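Going by my numbering, the letters in the sequence shown line up with residues 11 to 264, in that order. Where is the CB? At the ideal position from N, CA and C, for every residue including glycine. Small disclaimer: the values here were computed from a predicted structure and weren't measured. One structure is given below, encoded as structure tokens.
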Amino acid sequence: MPHAPAFAMNGVTVRFGGITALDAVDLEVPRGRVLGVIGPNGAGKTTLFNVACGFVTPAEGSVRRDGQPLTGLKPHHLPRHRMARTLQGLGLFERVSVLENVMVGADRTATSGFLSSLLALPRSAADERRLRERALTTLDELGIADYADRVPGSLPYAIRKRVALARALVGEPELLLLDEPASGLSDEEMESLGDLILACRERMSVMLVEHHMDLVMRVCDSIVVLDFGRVIAHGTPDEVREDPAVLAAYLGDE
Ligand code: ATP
Numbered sequence: 011m012p013h014a015p016a017f018a019m020n021g022v023t024v025r026f027g028g029i030t031a032l033d034a035v036d037l038e039v040p041r042g043r044v045l046g047v048i049g050p051n052g053a054g055k056t057t058l059f060n061v062a063c064g065f066v067t068p069a070e071g072s073v074r075r076d077g078q079p080l081t082g083l084k085p086h087h088l089p090r091h092r093m094a095r096t097l098q099g100l101g102l103f104e105r106v107s108v109l110e111n112v113m114v115g116a117d118r119t120a121t122s123g124f125l126s127s128l129l130a131l132p133r134s135a136a137d138e139r140r141l142r143e144r145a146l147t148t149l150d151e152l153g154i155a156d157y158a159d160r161v162p163g164s165l166p167y168a169i170r171k172r173v174a175l176a177r178a179l180v181g182e183p184e185l186l187l188l189d190e191p192a193s194g195l196s197d198e199e200m201e202s203l204g205d206l207i208l209a210c211r212e213r214m215s216v217m218l219v220e221h222h223m224d225l226v227m228r229v230c231d232s233i234v235v236l237d238f239g240r241v242i243a244h245g246t247p248d249e250v251r252e253d254p255a256v257l258a259a260y261l262g263d264e
């Protein structure tokens, strides 16, 4: 399917009891593009991200990767679909080195949803060397190789976020899912995150769920706006910025 988008949702509906968190959501991440997902508090962004990662299974609708259905997707299936994600909570292993944290991301042998299971698995010397080299290259590309031997708990938040990104990128994904990567960053750090996302775009497709409008407007090719679980607007940053439904949704959130 040469023209299939890297990622697509069609009619995705998620209910939690009586709450419809996502209501027949359609979206597409074209290859080599950055799609932003924005919306006021409670709009359904986290739920959408969780569907994309396989944490939440929709009641209705389909999720496709390169045109192929991702039926029964679970988080540990992501590498086999050449997908990777970063989470708001980062999920770093605090007591092992930055290098080992990133090596885990390069390891394709995950058999459960728990990356921590990989820390306990024996590796051959050759595998260990290969993973180490890839992890070091990625840390270097992200400008954090100096921290390789430190443990994440001792590092500033912005560096920890970069470690989480390195762990996602080290597996050379074709589709990167980012959940609020800018939260907690200074303006300067956000600027450099924007540069990084734009650099990623050269090599992969990206879905960015984010609150910070400046970042979204700068790096996204297109944007989907959610409100009460529905897509209320979809277009380029300029189109979305001017959309009356979007302005109303955000003003209603004040
Ligand atoms: P925020 O910007 O505040 O993080 P959001 O856009 O990420 O919000 P979601 O967290 O996806 O929105 O929530 C969408 C709706 O679904 C909300 O009404 C929320 O209360 C509800 N919801 C989300 N997760 C659950 C759950 N596990 N059980 C019950 N309701 C939930």
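Simplified DSSP assignment, three categories, for residue i
i	result
T148	helix
D224	helix
I154	coil
N20	strand
L179	helix
M113	helix
H244	strand
S196	coil
D253	coil
R140	helix
A174	helix
Cβ-based neighbour list, residue i, same chain, cut-off 8 Å, excluding 5 preceding and 5 following
i	result
V161	E104, R105, V106, S107 and V108
V39	P15, A16, F17, A18, L45, L185, S215, V216 and M217
A31	V24, R25, G54, T57 and G239
Y260	P50
C230	V44, L45, G46, L218 and P247
Reference residue i, options the options, closest by Cα
i	options	result
L37	R228, A178 and G245	G245
L100	V229, R170 and D205	R170
S72	V22, R43 and L141	V22
V35	E70, E143 and A168	E70
S196	A176, Y157 and Y167	Y167
R41	K84, R211 and V235	R211
A174	R74, M113 and Q78	M113
R139	A176, D117 and V256	D117
G153	L203, P79, L141 and R142	L203
Contacting residues, own chain, Cβ-Cβ under 7 Å from residue i (five flanking each side not counted)
i	result
A155	L146 and L149
P183	R92, M93, A94 and M214
A178	A94, R95, T96, G115 and L186
D33	T23, G239 and R240
N20	D36, G71 and S72
D237	G49, P50, A53 and A259
V256	V235, I242, A243 and V250
R172	L152 and I154
Whole-Å CB distance - residue i paired with residue j, under 8 Å assumed
i	j	result
G181	G115	6 Å
R43	S232	7 Å
Just checking, does the stretch 183-197 make contact with the stretch 81-96 on the three C-beta pairs under 8 Å criterion? yes
Count the CB pairs spanning the stretch 216-224 and the stretch 52-69 that are closer than 8 Å, and state whether there are at least three. yes
Evaluate contact between the stretch 220-232 and the stretch 25-35, counting only Cβ atoms and requiring at least three cross-stretch pairs below 8 Å. no
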